[in-house]
Amino acid sequence: MAFAPRAWGYNIVTAMNSAVLITVIALAVAPVAQRQTAKPTAAASATPVEQIPPVSYVCPMAQDADVVEDKPGKCQKCGMQLVPARLDSMWTCPVHSAVIKDARGKCPLDGRDLIQVTMSVTWTCRNTDINAIAPGSCADDSPMQKKYVARPHGDHNPKHGGQFFMAPDNRHHLEGAFPHPGVFRLYLYDDYSKPLPRDQMRTATARVATLQVDRKAQATASTQSFTLVPARNGHYLEAKIGKTTPPAALQAKVKFQADAPEHVFDFSFDRYSKEPTASPAAMTIAPAASAPSSAAPSTVPRPSSVTSPAPPSSSASATGAEPIPLGVDPALIPLPIPDTVAEMLAQLRTRTNQIKRLIDAGGFASIYVPAFQAKDLAVALEAHRNEFPADDRKGVESAIAHVVRSAYLLDALADIGNKQQTSEAYERFAAAVREIESAFQK
Amino acid sequence: MTLASRWARPVVLFGVIAAAVSIASTRGEAHKPITSKYTFNEDVFPIFRDKCGRCHVEGGVAPMSLMNYQDAFPWAESIRAELIASHMPPWNAEGGFGELKHATLLTAREVDVILTWAIGGNPPGDPSRTPPPVTLKNEWAMGEPNVKLPLPEFTVVADKMEETREFTVATGITDPRWVRAVDLLPGNPSMVRSAGIYVKGATQSGAAPEPEHVLARWLPGQDPELTQNGTAFRLPVGAELGVRIHYKKTWQFERKEMVDRSTVGVYFAPEQSAQELFTLPIASTATVAGKDQTLTFSRTIDEDMQALALSPDQVPANITLQVQAILPDGSRAPMIRSKTRADWSRRYWFERPIALPRGSRIEVVANLDDPDLLSAAFGGSFPPKPAAPALPMRLALTVIPASAKPALAP
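Residue numbers (our numbering), protein chains in the order written: chain A, 1344 to 1785; chain B, 4 to 413.
Here it is as structure tokens:
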């Protein structure tokens, strides 16, 4: 997952209820808002005129944050009432998004180049939850403080049946697709997963290499490299990759601008990418004990080559595949924690092996599921630390914390689809798991 | 906590304020989906308060306060990155390898609570459980020192973000004394980032203090260690102390002038006699790392002694160090495994003295690979990777020779 909340499903109802409340508030005050924005307040007139972005209307759902209209109405994606917002283009640190500047430069915290993002502008009073879309005064007559908030982007779903990644610049996204024999396409998106406009597409350069995977030696070698060129319709970059057919491992190297760093993305296709046709109503997950399968019965619009990892050993395992409502994130299904350390370690080993298989298969989009289940098991193990030999207890506690951190690291790195970095994170994760297992076996 | 209760107060407050000031107010943000079962008020704040609150508080040295929801939640992404990389809390030694005093590590559950909250929509929690305000405590952690030595005032001018300044201060002692601890009280806690305090003498001006003379390595949020069991540092008559302070503004103070006047506090041992603490340097002799980016060096102990503390004294940032004693019988006594970070150098005190019979070898294995995978993946250029020739390295082991008898005041 990126440095932004995923559009996680199990609380979608909560989010929607919140959104409804917001909408109610918005509707209640909207007429007042329109009157007030037309008539500057006394506070505003006493100070130099401030440039205030115009009011736009946005979807309250994070995964539909790309929906921005200039008039009230309903979200074209989810049907919810749009809410008013003022949007501005600002510069922020790639990681420390609370740092906001009005011009490009270096992040004062870590020295990285600032990135340009769209932010919501609101005005607030100290120690309140107020987020007004116009400046004014607080209850104590002090002027409201201007506040910028990075708008959430939650849509990491592929649009063309391919594999979807976020770029390490924390802004761009891309999707690799293998639609036909010998054809590889790259779709480039902005921070809201909207296709990049043509002018920005033209500044991007990319090449793709076909990789030969030696599973026994656990090594890959580049065989041929191809330059991607913009398609005539400007919708994607494309390369002819010879007679390559699935299963195929491809590595794309992409620069979004001439002076930007080159990012590496590893794709793995076990079949051709198919444009999605209709939204399914439910997904199905496989039983717990099974290894990830290329024939995983997922009907959720996922990357065509990505397989579903085995879910927790829960009631699902007893009854076989169970339908899960659309949007429910399998990583958020509560994991039944076994009673004994031995059983916990067995489950942890299963998750560890699943992560390895997913990395090998290029199933980056699914890695967070076993990774988060593993960290839940690790947290549960911490409560049982007294069952480990006393001499090893401190080491076990440290290893358990490593498992938790490494699980979140795997989640972050898998989002950007770099196999080498994800594999390095896995090695740390697996080493910590082995240390726990070793201590228990004593 | 119910959804209704979570929103009830903001809605009411919202209405009151809107009416009172006659200003149109409505929420203008897309709402983040809340998936975290942990909330700030109930779950996250207690951890922040206990583990982070000495620096991440209004007026503290950290670049943001985490002591209330409004201050903390905009930094959720930063918190996530810092925790995954084990940068925060800045205790860079791993648990489970050696036993160290005052380790400030987060438990697995604490890490999970914070990260779940950070990536799960940052819910504030029940408003009725909003934590009380936390204020900065800038006071002597061990009580009033025996001697307080005010340093000269120093200003970091508006166009500088950081500066290192070395001060010399006379102790004024007319009798030799044993010292159990030395502390620093910042005049302006928001700009004093670190300090080294040493007995002035053999060190040339501008050079880093020799480890033999270092009395304390001060870091914000860290209590000084009081020497135990009749051990102490020697402070000769008329000694002068060198105080090297690294001043660093946080980003909120860019282009602003900041002034500090810190005070050094010295804690004497009450006894007339004490066992003197010595420092044993352990320095690398090789100048380049091996192919696997590791460098191993060691020092053999030529008399029986006890090791009490270890300080990575001159080492590159962003590498991994593992130090252990290999005893004459072949057994190994782990001392520390640590990731080094610029400006977070400290003296690590062992939980118990480590006996080092004559012939013991202190082995240091340095891995020069940057352990921070996350920063490498998301950005690449920072933190800068240490150049391989950034050697030699030096660590400082604080010891007492077994043959040494408690001495009278020096």
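Cβ coordinates follow ideal geometry from the N, Cα and C atoms, glycine included.
Consult DSSP for residue i and reduce its assignment to one of helix, strand or coil.
i	result
Asp1512/A	coil
Val234/B	Residue 234/B is actually Thr in this sequence, not Val. DSSP places Thr234/B in strand when its eight states are reduced to three.
Glu1778/A	helix
Phe1599/A	coil
Lys1537/A	coil
Ile1458/A	strand
Ser406/B	coil
Asn1696/A	helix
Trp181/B	strand
Gln1716/A	helix
Ile365/B	strand
Leu1701/A	helix
Gln1784/A	helix
Arg1545/A	helix
Met1487/A	coil
Ser1441/A	In the sequence as displayed, the identity of residue 1441/A is Ala instead of Ser. Of the three classes helix, strand and coil, the one that applies to Ala1441/A here is coil, per DSSP.
Met1687/A	helix
Pro130/B	helix
Asp316/B	strand
Might you give, ordered along the chain, the residues of its own chain that have their beta carbon closer than 6 Å to the beta carbon of residue i, omitting 5 neighbours on each side?
i	result
Thr1588/A	Pro1524
Thr167/B	His249
Gln1763/A	none
Asp186/B	Pro227 and Gly268
Arg1777/A	none
His1499/A	Phe1507
Phe236/B	Val182, Leu218 and Leu280
Val326/B	Met338, Ile339 and Val367
Phe51/B	Leu69
Thr1546/A	Gln1600
Lys342/B	Asn95, Thr323 and Pro374
Val318/B	Thr343 and Met396
Arg12/B	With a pLDDT of 31 at Arg12/B, under the threshold of 50, the modelled position of this residue cannot be trusted, and the question is left open.
Only counting the same chain, and skipping five residues up and downstream in sequence, which positions put a Cβ closer than 8 Å to that of residue i?
i	result
Glu165/B	Val159, Arg196, His249, Tyr250, Lys251 and Lys252
Ile1443/A	Met1433, Trp1434, Thr1435, Met1462 and Tyr1491
Ser1399/A	Val1411, Glu1412, Asp1413, Pro1427, Ala1428, Arg1429 and Leu1430
When the distance is taken between beta carbons, is residue j closer than 9 Å to residue i?
i	j	result
Leu1701/A	Ile1710/A	yes
Leu109/B	Pro92/B	yes
Leu1531/A	Glu1581/A	no
Asp1407/A	Lys1420/A	yes
Arg220/B	Ala198/B	yes
Glu1740/A	Gly99/B	yes
Phe1707/A	Gly1760/A	yes
Met1462/A	Ala1475/A	no
Ala79/B	Ile122/B	yes
Pro331/B	Arg361/B	yes
Ser81/B	Val1438/A	yes
Ala369/B	Thr299/B	yes
Thr303/B	Ser363/B	yes
Trp1466/A	Pro1478/A	yes
Trp430/B	Asp46/B	Not covered by the structure: residue 430/B. The range shown for chain B is 4 to 413.
Ala310/B	Phe353/B	yes
Leu1517/A	Ala1595/A	yes
Arg1514/A	Gln1459/A	yes
Ala111/B	Ala1744/A	yes
Residues of chain E with CB closer than 8 Å to the CB of residue i, please, in chain order.
i	result
Lys1737/A	The structure shown contains no chain E; the protein chains it does contain are A and B.
The ligand COA and residue i: does any heavy atom of the ligand fall closer than 8 Å to the residue's C-beta?
i	result
Val1607/A	This structure does not include the ligand COA; it has no bound ligands of any sort.
Report all residues from its chain with a CB closer than 7 Å to the CB of residue i; omit the five preceding and five following residues, and keep chain order.
i	result
Thr133/B	Asn44
Alpha helix (DSSP H) runs contained entirely in the segment 40-111 of chain B, provided each spans 4 or more residues: 48-55, 72-75 and 79-87
If you scan the segment 1721-1777 of chain A from start to end, which runs of the alpha helix (DSSP H) of 4 or more residues do you find wholly inside it? 1736-1757
Which residues, in chain order, does the segment 97-110 of chain B contribute to contact with chain A at a C-beta distance below 8 Å? Glu97, Gly98, Gly99, Phe100, Glu102, Leu108, Leu109 and Thr110
Could you name the residues of the segment 1429-1451 of chain A whose beta carbon sits closer than 7 Å to any beta carbon of chain B, in the order they occur along the chain? Arg1429, Pro1437, Val1438, His1439, Ser1440, Ala1441, Val1442 and Pro1451
Proximal residues, the segment 110-132 of chain B versus chain A, C-beta separation under 7 Å: Thr110, Ala111, Arg112, Val114, Asp115, Leu118, Ile122, Gly123 and Gly124
Output, in sequence order along the chain, the residues in the segment 1747-1766 of chain A whose CB is closer than 7 Å to any CB in chain B. Residues of the segment 1747-1766 of chain A with a C-beta atom less than 7 Å from some C-beta of chain B are Val1747, Arg1748, Tyr1751, Leu1752, Ala1755, Leu1756, Ile1759, Asn1761 and Gln1764, listed in chain order.
Using Cβ-Cβ distances below 8 Å, what residues of the segment 62-76 of chain B are close to chain A? Pro66, Met67, Asn71 and Gln73
Within 7 Å of chain B by C-beta, residues of the segment 1499-1514 of chain A in sequence order: Pro1511 and Asn1513
So within the segment 326-380 of chain B, which uninterrupted alpha helix (DSSP H) runs reach at least 4 residues, ignoring any that extend past its ends? 376-380
Scan the segment 245-265 of chain B for residues whose Cβ lies nearer than 7 Å to a Cβ of chain A and list them as they occur along the chain. Trp254 and Glu257
Taking any Cβ of chain A, which residues in the segment 319-332 of chain B have a Cβ under 9 Å from it, in chain order? none
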